[in-house]
Every structure is written in C-alpha cells, then in structure tokens.
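For the record, the sequence lines run as chains U and V. Residue numbers for the first sequence follow the working numbering, beginning at 168 and rising by one. Residue numbers for the second sequence follow the working numbering, beginning at 108 and rising by one. C-beta: ideal position from N, C-alpha, C; glycine also. No experiment lies behind these values; they were computed from the predicted model shown. Note sheet for the following structure.
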Amino acid sequence: MRLILDIAVTHIVGRGRQTLVAILGVAVGVGFSIAMAALMQGGQDDLIAKLVDTMPHVQITDDRRAPPVQPAELAFDAVSIAGLRPREDRRGIINPTAAFAWLKEWVPGRVAASLNAQGVVRYLGRDVGATVIGIEPKAERGVSSLVEDFVEGSFEALDVGGNNVVVGDRLASRLGAKLGDTVTLVSSSGLSRGFKIVGLYHTGITARDEHEAYILLKSAQILDARINVINEIRIRLDDPATAPAVARRAEARLGYKSMSWQEANEQILEALVVRNVIMYTVVAAIMLVAGFGIFNIISTITHEKSRDIAIMKSLGFSRSDMQRLFVLEGVAIGLAGSLLGWLLGFGLVYALASVHFELNTGARELTRLPIAWDPLHYAIAAGFALASAAVAGYLPARKAARQPPVDIIRGAT
Amino acid sequence: MSTPPALIETEGLTRILPEVVPVTLVEDVTLSIGEREFVAITGPSGSGKSSLLYLLGLLDRPTRGQLRLAGVDTGPMDEAERAERRLAMLGFVFQFHFLLPEFTARENVEIPMRKLGRLPRAAIRDRAGELLDSLGLASHVDKRPDQLSGGQRQRVAVARALANDPPLLLADEPTGSLDSQSSEQVFAILADLVHRRGKTVVAVTHDLALAARMGRRIHLVDGRVVSDERAPAAGIPG
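Here you go:
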C-alpha cells in the first residue's frame, strides 16, 4: 500500500497546477459548506432556543382532545354518543390542587398554575383586548423567561399590596399609560377592577407585548368570577427534550390536553427538517461540482499515464492495484482539499460570527449572526468531499485499469 | 530421476483478435523452452512475434491453446494470479525502455521488489544499487530517465526486469531503438544473464545477425512457427 501511495503522490505532485486547482475546488466547496451549515444550524438552534425559552415546555390546559367517554358507552358496546354538550360548561382543571401536587411529585422541573381569561384593558377611554393571566409570581419565575424581559419593575412587585398588573410595553404604549398608572381590567364576565401598573416588559413578540397582562392568580379568579379555578398548568423541564414523554404521561393521567413545545411547534420543526434537507442537498451539489474537478484531473492523469499503467501491469501490478492507485489519488486530492476547506470554513465562520448588527428594538440593541460551532459540520463536509473524490477517482480508474496493457504497449511500440 | 518441466510449454497457442474480420495474430504455436536457453523469435513485421511474446508473458490471453509456465497451466488463472506470476517469475524489457518517468533509475528498479514485498526496504535499496552497478550504472542511480541516454535507459530496464530475480526474461526488440554500440552492450548483458546467471531469455528481434548469435531461433510467418533451429552450442551465446 505504501508503494501505491508513493506512486499516487508522485503522480499528483507531478501535476502541480492542475492538482492545486482541484484541491482549491474541493476546499472552496468544503469551506462554504461549513459556513453555510454553521449559519443554518445556528439559526435553527437560535430559533429552537427562543421557542424553548419563551414558552413552557409542557402546557396542560383544560381542553380535551376527545370528549370524555360516557358511562353508557362503557356499559354497552352498541352505544355511541356524539355531540354531547353539558348543560353548564364549567371550564377549568378539575381538582387542581391534587393535579398540581401529583405533577410536582415526579416532574423533573418546575410547575406553575395560572388562570387565563379574556378581557379588556382600559385607560383614559382607550380599550385594548388582552389575555389577562393570573399567576403566582414565585412559581412563575420558575417557568417563564419573562422575568428577563422586564424593562421596568418586576413580577415580585405584583405581591406588594393592592391590585397590581404587569403589562407589555406595547400595550402600555397603545393605552398611553406608564409605570405607576392605574388601568381598569374588564373580564369577559363583565366585572372590572382598577390595577396599578408595576412592571413593563418587552419580549420582542408583538402578541405578548401588546395583548397580555399579568396579575395575581387570586385577583384573576375574582375578576373572572371563577374562584379557585385554574385552566392552565405550565411545566418547565430540566431537559426540554423530555417534554413529549412528560406530556404523554400527564395527559394519560389527568385527561387534559398536554402539549409539549415540540407538538406546539410541529410545523416549525418540520420546516427546519425541510430546510436541513435543502441545506445538505446544496452541500452535496457543491461537492458534486468539486467532484467534477477531481474527475477531470484523474481522467487526465489516467489518460496520460496509460502507458505507465501498462508498464506497471507488465511488472506485476494487478487491475485492482491500478484502481486503488487512482482512487487514492482522488482521495488524496479530496483529503488535501478537505483540510484546506476546514481552514477556509473556520475562517468564514469566524468572520460571520464577528458581524455585528445594530437593531433598534429596545431590549436587544446589538446582535450577531447566530452561528453554530459544530465539529459535525466539518466532518460532514469532509465526508461528502472524500466520498465524491473517491467516486470521481474510481470511475476513470476503473476504465484505465480495465484496458489491456498489450493494446497500449503495441500502440507505444 | 524425472526431468524438470520446461520453463515454457505451449500447445496449439492461438490468438485471434475479435474484429469485424477476425485477425489471427498467433496460430497454433506449440513449443517448449527450457532453462538457460537464449531464444530469438524472428520474423517479418506483422508475423506475430510480439504477440507471441505477450502471450508467453501473460500480458494477453490466448484465444485457444495451452500455456504452461514452469509446469503450471496458466489458462485457469484469474487476472490477479497472472499479475502475481508476472511479478515473481517474469521480467520484461521492451523496445522503448518504458521506465516510469517521475522516478529515478534506482526507484524504477525498486518498484517490482517493493511490490513483491519479500525484502525489507533497506535490502531493496541495496539490491537496486547492486543491479544498476552490475550493469555499469553506478553513477546514474539517482537520475531520472530523461537524464539518461537510450542505452542507459535500456540497461535500467534490464535491471528492473531482474529486480525480483525471475527465471525468465522476455525482451521485445530490446536493441531496436539503440545505436550499434548500445545495442551491443545490451545484447552482451542479455547473453551474460543466460551464460552466467542461468536465466532464460526470450527476445523478439528482426535483426537476423543478432538472432544468429543466440542459442535458438524460432522463426514466425503469419503467426505460425515455420522453423525452430538450435545453434550447435545451444543456450551458450556466442
């Protein structure tokens, strides 16, 4: 094998300029593939991190995926009931204390209960529709990333006497209210109450910044005339990846719709898969083009070296030796290109990571391109390059190795 | 006591190129060549001399007939086995030296030994040097083929053919592209291989004067053997 390697190296070194062009072709392909993968993976990671950070990992609501089975259906096989509606639709999670306690027993993370109610926030004659969310500030800190987005005040301020509310800065802006002003919350049941703004937050998500208001759970229950009722349990897990399993177990026991963050964002995650497929297709296409360069040089070498092939065969080299020789030449070019491409890719990723963007969004004034530094990108790009180099070397090598040496020797003499 | 098998035995060896109109290169050649023979294959152009040599050297496959090398039938051998046999048993010298141009004289001689892998690297290097030295090329071992004269290149080709110490050397017009002085040198080397080193040399040539100095002359016309003559002191070059 050492001999074959020596001959291969002698061949490709002997064709310096052509070899360099082929190596550069592979290097550019590998380098840009790495940069593209880093950028796309970075964007994906950033998006998922935002999804994971900004929403609960598991959300248990008082909805059910299917209507509850009626006793008559259990008793008789022939009975099937559809379209059944209770006389009085009392929403909310039944026996919330027990459900909450059961979850806290085994869930590896933090759990918080809330009551979400639709209402209106009114200030100086202006009305803005909002979801009024009743929370327990201490528990909420464990499940929500909102605490990091406060522009003024905090969740804790809700606990400090009287009726207090925390709203998004856009909602306050629409109302013309500011910290310390008292707004009126009107629930869907018609009850209203004055609340003092003790905190303003900015998440960057318009739906939350403009249409959510947080008050104490007790206050929300009074405002919505639903004493001791909660209609949502939110869970933040130590490991977000376990969310589907936790959701399944909770739903199986409690009967309420339990949605993991993966299920809630299924379409986005599917889109990311499609995006990855597109990305790796482009990477493969780039490598294919680089492979044509290798194919070209190996074809040229095998053509020019046809006499040498015949000589080596006459010396006792076999067809497979010849094939191995030229595949090795292709792979050597692919390897050199991959190593150079790694350097180029690293440089490109470093340059992209250094790019700064000035964004005038209040909470996040300065940001960078989301970049993922992942050795897997380097391995995949090099893997594609080596595979295409091996194929590009193999095809002309096979043809050259099959040519009878006598044909060439006769032609030469 | 049984006699050792001939080094080369052919029986009805025939090679036909499967063209639209089939071309017969070698037809029904039956011969036997023993050890320490110095054989000339002669004949006019297109008589099938080189084609017969390529068949004997396992570079080509016969259309029909049998070829035994050292008593072993080569017919059932696959491509890899034929390559192994060429490597260990045969040495080739062509009309044009056919050295690998990127390698030095020493490296060219080392290649068959490295391929065979019987000797350690240092021993291979030493043997290549000794072979080149014995052919008067001691001062040219590190030169590439393009830095050598025609005669020197052909001597390097002979050294390479001898690298694995094969019992059989096949030469296709080994002096065909050389001037008379170089031609004489190469002929003397080939004769010496038979006379002193006990090799069998089969050389294709159309130089009848040269052939007359060899131990045996096989004359081909249209692919068929028309005469097979031995000199009075067969096998000992004169």
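message = Quick check on the DSSP output: what are the complete alpha helix (DSSP H) runs of length 4 or more inside the stretch 264-317 of chain V, in order along the chain?
response = 287-302
request  = For S485/U, decide whether its Cβ has a neighbour in chain V, counting only Cβ atoms nearer than 8 angstroms.
outcome  = Residue-level contact check: S485/U touches chain V, since one or more beta carbons of chain V fall below 8 angstroms from its beta carbon.
message = Within 10 Å of its beta-carbon, does D279/V have 16 or more other beta-carbons around it, so buried, or fewer, so exposed?
response = So D279/V counts as buried.
message = Going by DSSP, what residue range makes up the beta strand (DSSP E) through A284/U?
response = G276 to Y290
request  = Locate the alpha helix (DSSP H) running through N262/U, then write down its first and last residues.
outcome  = Premise fails: N262/U is in no alpha helix (DSSP H) and is neither H nor E.
request  = Pull up the distance between the alpha-carbon of K566/U and that of A477/U, whole angstroms please.
outcome  = 13 angstroms
inquiry  = For I148/V and S505/U, what's the separation of their Cα atoms in angstroms?
reply    = 54 angstroms
inquiry  = If the criterion is Cβ atoms closer than 8 angstroms, does the pair I362/U and L346/U meet it?
reply    = Here residue 362/U is Phe; the residue named in the question, Ile, does not match the sequence. No, the pair does not count as a contact, with Cβ atoms beyond the cut-off.
ask   = Do P273/V and G198/V have their CB atoms nearer than 8 angstroms?
value = yes
request  = Using a threshold of 8 angstroms, state whether the C-beta atoms of E496/U and G550/U are closer than that.
outcome  = E496/U is not a Cβ neighbour of G550/U, given a cutoff of 8 angstroms.
key: Cβ contact check for the stretch 198-210 of chain V and the stretch 231-240 of chain V: 3 or more pairs under 8 angstroms   = no
Partners in chain V for D406/U, counting only beta-carbon separations shorter than 9 angstroms = By Cβ distance, chain V contributes nothing, its closest Cβ being about 56 angstroms from D406/U, past 9 angstroms.
request  = Compute the distance between the beta-carbons of V136/V and M321/V, then report whether it is under 8 angstroms.
outcome  = no
key: Start-end ranges of the beta strand (DSSP E) lying completely within the stretch 457-534 of chain U, minimum 3 residues   = 523-525
key: Three-state secondary structure assigned by DSSP to N215/V   = Looking at N215/V - three-state DSSP - the assignment turns out to be helix.
request  = Work out the CA separation of E303/U and A412/U for me, nearest whole Å.
outcome  = 26 angstroms
inquiry  = By the three-class DSSP mapping on this structure, what secondary structure does I538/U have?
reply    = coil
request  = Could you tell me whether any Cβ in chain U is nearer than 8 angstroms to the Cβ of L120/V?
outcome  = no
query = Along chain V, which residues have their Cβ under 7 angstroms away from the Cβ of D573/U?
reply = The displayed chain sequence assigns Val, not Asp, to residue 573/U. Y161, L166 and D167, listed in chain order.
task = Give the single residue among Q429/U, A324/U and L282/U whose Cα lies nearest to the Cα of L390/U.
result = In terms of Cα proximity to L390/U, the closest of Q429/U, A324/U and L282/U is L282/U.
message = For a test of the three-state rule: what should DSSP assign to D326/U, helix, strand or coil?
response = helix
task = Given a cut-off of 8 angstroms, decide if I260/U and I382/U are closer than it, judged by their beta-carbon atoms.
result = Not in contact: I382/U and I260/U (Cβ atoms no closer than 8 angstroms).
message = Based on DSSP bridge pairs, tell me the residues matched to Y381/U.
response = I300/U and V333/U
ask   = Is there at least one Cβ from chain V nearer than 8 angstroms to S481/U's Cβ?
value = Yes, because at least one Cβ of chain V sits closer than 8 angstroms to the Cβ of S481/U.
request  = Please check if any C-beta of chain U sits within less than 8 angstroms of the C-beta of I218/V.
outcome  = yes
query = So, is the C-beta of E209/V closer than 8 angstroms to a C-beta in chain B?
reply = Note that chain B does not occur in the displayed structure, where the protein chains are U and V.
task = Give a yes or no on whether 8 angstroms exceeds the smallest Cβ distance from R260/V to chain U.
result = no
request  = Measure the alpha-carbon distance for V365/U versus V333/U and round it to whole angstroms.
outcome  = 6 angstroms
ask   = According to the Cβ coordinates, are G601/U and A297/U closer than 8 angstroms?
value = Limits of chain U in this structure are 168 at one end and 580 at the other, which puts residue 601/U out of reach.
inquiry  = Can you check which of these residues, L194/V, Q292/V and L244/V, is closest to L277/V by C-alpha distance?
reply    = L194/V
task = Please classify I394/U: is it buried, with 16 or more other beta-carbons within 10 angstroms of its beta-carbon, or exposed?
result = exposed
Contact with chain U by L194/V, beta-carbon distance below 8 angstroms = yes
message = Does any residue of chain V have a CB that is nearer than 8 angstroms to the CB of I538/U?
response = So no, I538/U is outside the interface.
query = Using a Cβ-Cβ distance under 8 angstroms, would A310/V count as near chain U?
reply = no
task = List the residues that DSSP assigns as beta-bridge partners of Y368/U.
result = F317/U and G335/U
request  = Note down the Cα distance separating P344/V from R324/V, rounded to an integer number of angstroms.
outcome  = Note that P344/V scores a pLDDT of 44, beneath 50, so its modelled location is shaky and nothing firm can be said.
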